[in-house]
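Only one structure is covered here, and it is reproduced in the block below.
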Amino acid sequence: MQTVVSVTLVACYVVVLTFVAVRARAAREYADFSLARRSLPLALVFGSLCATYVGPGFSIGFVGKGFESGFLFFGIGLAYSLQNVLVGVLVAPRLRALNDCHTLGDAIGQKYDRRCHVLAGVISVGLCTGYAAVMAKAGGVVFKDVFGLPIWSGVVLIVGITTLYTTSGGLRASVVTDAFQFTAFAILLPVVLLLALGFHLQGGIAGFAERASAATQSGLASKTPFQIIGLLTAFLLGETLIPPYANRALASRTTQVSRYGFVLGGVFSVVWFAVMISLGVAARGIVPVGTDEDHVLLNMVRAIMPAGGYMLLMVVSISVIMSSLDSLLNAGAVVFTQDIVRPVWKVANGKALDVGRTATVVIALAAAAAAAVVPTIIDGLLVCYTIWAPAILPALVLGLWLKKPRPLAGILSMVVGALVAGLSQLAVGGPTKVPAILPALGAAILAYVVGHLLSREKGA
Numbered sequence: 005m006q007t008v009v010s011v012t013l014v015a016c017y018v019v020v021l022t023f024v025a026v027r028a029r030a031a032r033e034y035a036d037f038s039l040a041r042r043s044l045p046l047a048l049v050f051g052s053l054c055a056t057y058v059g060p061g062f063s064i065g066f067v068g069k070g071f072e073s074g075f076l077f078f079g080i081g082l083a084y085s086l087q088n089v090l091v092g093v094l095v096a097p098r099l100r101a102l103n104d105c106h107t108l109g110d111a112i113g114q115k116y117d118r119r120c121h122v123l124a125g126v127i128s129v130g131l132c133t134g135y136a137a138v139m140a141k142a143g144g145v146v147f148k149d150v151f152g153l154p155i156w157s158g159v160v161l162i163v164g165i166t167t168l169y170t171t172s173g174g175l176r177a178s179v180v181t182d183a184f185q186f187t188a189f190a191i192l193l194p195v196v197l198l199l200a201l202g203f204h205l206q207g208g209i210a211g212f213a214e215r216a217s218a219a220t221q222s223g224l225a226s227k228t229p230f231q232i233i234g235l236l237t238a239f240l241l242g243e244t245l246i247p248p249y250a251n252r253a254l255a256s257r258t259t260q261v262s263r264y265g266f267v268l269g270g271v272f273s274v275v276w277f278a279v280m281i282s283l284g285v286a287a288r289g290i291v292p293v294g295t296d297e298d299h300v301l302l303n304m305v306r307a308i309m310p311a312g313g314y315m316l317l318m319v320v321s322i323s324v325i326m327s328s329l330d331s332l333l334n335a336g337a338v339v340f341t342q343d344i345v346r347p348v349w350k351v352a353n354g355k356a357l358d359v360g361r362t363a364t365v366v367i368a369l370a371a372a373a374a375a376a377v378v379p380t381i382i383d384g385l386l387v388c389y390t391i392w393a394p395a396i397l398p399a400l401v402l403g404l405w406l407k408k409p410r411p412l413a414g415i416l417s418m419v420v421g422a423l424v425a426g427l428s429q430l431a432v433g434g435p436t437k438v439p440a441i442l443p444a445l446g447a448a449i450l451a452y453v454v455g456h457l458l459s460r461e462k463g464a
């Protein structure tokens, strides 16, 4: 009977989501598919931005981290909140002000040259696929917990449903469905915290504070100073203007909308992190010690809520995952079309729309396959953060702020940043346990400086 209720709830949710996506209208032109004609109001930019970044990492993953290490990851998460505010104040308006710009690759191409444009596109598509693989793995975990399905079956289901409406509607369908999903989980997950604190908290507030203190001290003791610095750096820079966020900045109606969307998103993330970490701490008195961090939230809800409530939260968990996955698939498809195909072959808008839809499906298939090698949700995200920040951010940020950025500097920074990030994932560690993002970021900045100086000497 419980399985029947689960299937019915999921089916109803998919029907409602499909209706919302259809109401958003299918994209008939490439301008609709890629940037929704740059017409998104503040409410949609804010809602879809929050829905995209919350995802399974900042919900399921953060609850697990709260369970294991108390409020340690709340402090680390604040670096991400700060990043959103800084992007809103310093970068997003400058990005939105660029003409004929669909992606970060376009921005880099305008500031450097076509080689940098294509290279940025290749890196961006690869990272979108990696991030999407993490979301797909999270979907598989949820379906396994609820239905007992193999993880690969859950991956196929979550990727298939999301690809269906993303391929048809493009960015507008992604943004509208994200806003719908954001409303659902922004209400229901805090309700779970209230239930846990009000009816299932052993020892009351004093017991909660004691568990929070013990878990936080244990979390701090398990990390070296270098590791904490690395985590702060990863959360500060690792998701800075990844393609889905850049799409929101570029698709905003005005530079003001772009600015306030990111600033408000950063403020909301502080509240969200506090709720998720508190859920994890509360779970220490409900969920058995040793529970895998990716299963803490669902096991906790199963323990404290009736069957109907558990099924409802399962639907919310699916919406959290889909809201991030659809943004990544759309962003990856737009990047592939705009940054890899169009700079090399002159493709008309009608053909570009077909290329974008095909790329959506291909990226979805690649992400589903890559989900098999994803570790935990947070660890999977940290791998992506470690590559994205060194490979793209120095070239992007310096290109936006320097009067005459040099193409050689951009190329060297992106290549060296990506290579060192990839290699140092395996090579770093030892007694100091230096996080991979630190040497990779340092190498990328050094390579940029070297390229800039060499170009100046040659008069380029």
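When you read off a place in the sequence shown, starting at 1, and then add 4, the result is the number in the numbering used here. Ideal Cβ placement from N, Cα and C applies to all residues, glycine included.
Between the alpha carbons of A307 and L427, how many angstroms are there, rounded? The residue given as residue 307 occupies position 303 in the sequence shown. The residue given as residue 427 occupies position 423 in the sequence shown. A307 and L427: Cα-Cα distance of roughly 43 Å.
How about the segment 444-454 and the segment 413-426: do they share at least three Cβ pairs that are nearer than 8 Å? These segments touch.
If you check the beta carbons only, do M304 and V150 fall under 9 Å apart? Position 300 of the sequence shown holds residue 304. Position 146 of the sequence shown holds residue 150. No; because the gap between Cβ atoms is not below 9 Å, this pair is not in contact.
Which listed residue (T56, T12, G242) has its alpha carbon closest to that of G265: What you label residue 265 is simply residue 261 of the sequence shown in a count that begins at 1. Distances from the alpha-carbon of G265 to those of T56, T12, G242 put T56 closest.
May I ask you to verify whether the segment 41-52 touches the segment 242-257, counting CB pairs closer than 8 Å and requiring at least 3? Using a Cβ-Cβ distance cut-off of 8 Å, the segment 41-52 and the segment 242-257 are in contact, since at least three pairs of beta carbons, one from each stretch, lie closer than that value.
Would you list the residues sitting across from S323 in a DSSP beta bridge? Here residue 323 corresponds to residue number 319 of the sequence shown, with the count starting at 1. Residue pairing of S323 in beta bridges, as defined by DSSP: absent, with no partner found.
Skipping 5 residues on each side, what residues in its chain have a beta carbon closer than 6 Å to that of P398? On the sequence shown, position 394 is the one that residue 398 refers to. Taken in chain order, the residues that qualify are S417, A448, I449, Y452.
Is the segment 353-365 touching the segment 107-119, taking contact as three or more C-beta pairs under 8 Å? No: the two stretches stay apart, fewer than three of their Cβ pairs being nearer than 8 Å.
Mind checking which residues open and close the alpha helix (DSSP H) that includes D149? Reading the sequence shown from its first residue, position 145 is the one you call residue 149. DSSP places D149 in the uninterrupted alpha helix (DSSP H) bounded by 118-151.
Separation of I382 from L235, as counted between CA atoms: What you label residue 235 is simply residue 231 of the sequence shown in a count that begins at 1. What you label residue 382 is simply residue 378 of the sequence shown in a count that begins at 1. Distance from the CA of L235 to the CA of I382, rounded to the nearest whole angstrom, comes to 11 Å.
Between the Cα of V338 and the Cα atoms of E243, G211, T170, I322, which residue gives the shortest distance? As a position in the sequence shown, residue 338 is number 334, starting the count at 1. Of the listed residues, the one whose Cα sits closest to V338 is T170.
L402 bridges to which residues according to DSSP? The residue labelled residue 402 in the question sits at position 398 within the sequence shown. Paired residue(s): none; L402 is not in a bridge.
Can you tell me which of V267, A137, G68 puts its alpha carbon nearest to the alpha carbon of A373? Within the sequence shown, numbered from 1, the residue matching residue 373 stands at position 369. Of the candidates V267, A137, G68, A137 places its Cα closest to the Cα of A373.
Out of I391, L193, P229, which has the shortest C-alpha to C-alpha gap to V319? Position 315 of the sequence shown, counted from the start, is the residue given in the question as residue 319. That would be L193, whose Cα lies nearest to the Cα of V319.
According to the neighbour-count rule (16 or more other Cβ atoms, all chains shown, within 10 Å of its Cβ), is G434 buried or exposed? As a working mapping, residue 434 is identified with position 430 in the sequence shown. Unreliable placement is indicated for G434, whose pLDDT of 42 sits below 50; the coordinate value is still reported in the next sentence. Exposed is the call here.
The segment 403-420 touching the segment 336-356, judged by at least three CB pairs closer than 8 Å: The segment 403-420 vs the segment 336-356: no contact.
Taking P379 as part of the alpha helix (DSSP H), name the residues at either end of that continuous run. Position 375 of the sequence shown, counting from 1, holds the residue named residue 379. Per DSSP, P379 lies in no alpha helix (DSSP H) and is assigned neither H nor E.
For G455, count the other beta carbons within 10 Å of its own beta carbon; 16 or more makes it buried, fewer makes it exposed. Which is it? As a first step, residue 455 must be located in the sequence shown, where it is residue number 451. By the 10 Å Cβ count, G455 comes out buried.
Whole angstroms is fine: what's the gap from R29's alpha carbon to V58's? For the purposes of this step, residue 29 is taken as residue 25 along the sequence shown, with counting starting at 1. For the purposes of this step, residue 58 is taken as residue 54 along the sequence shown, with counting starting at 1. Low per-residue confidence applies at R29: pLDDT is 48, beneath 50, and the placement is therefore not dependable, though the value from the model is reported in the following sentence. Here the alpha carbon of R29 sits roughly 25 Å from the alpha carbon of V58.
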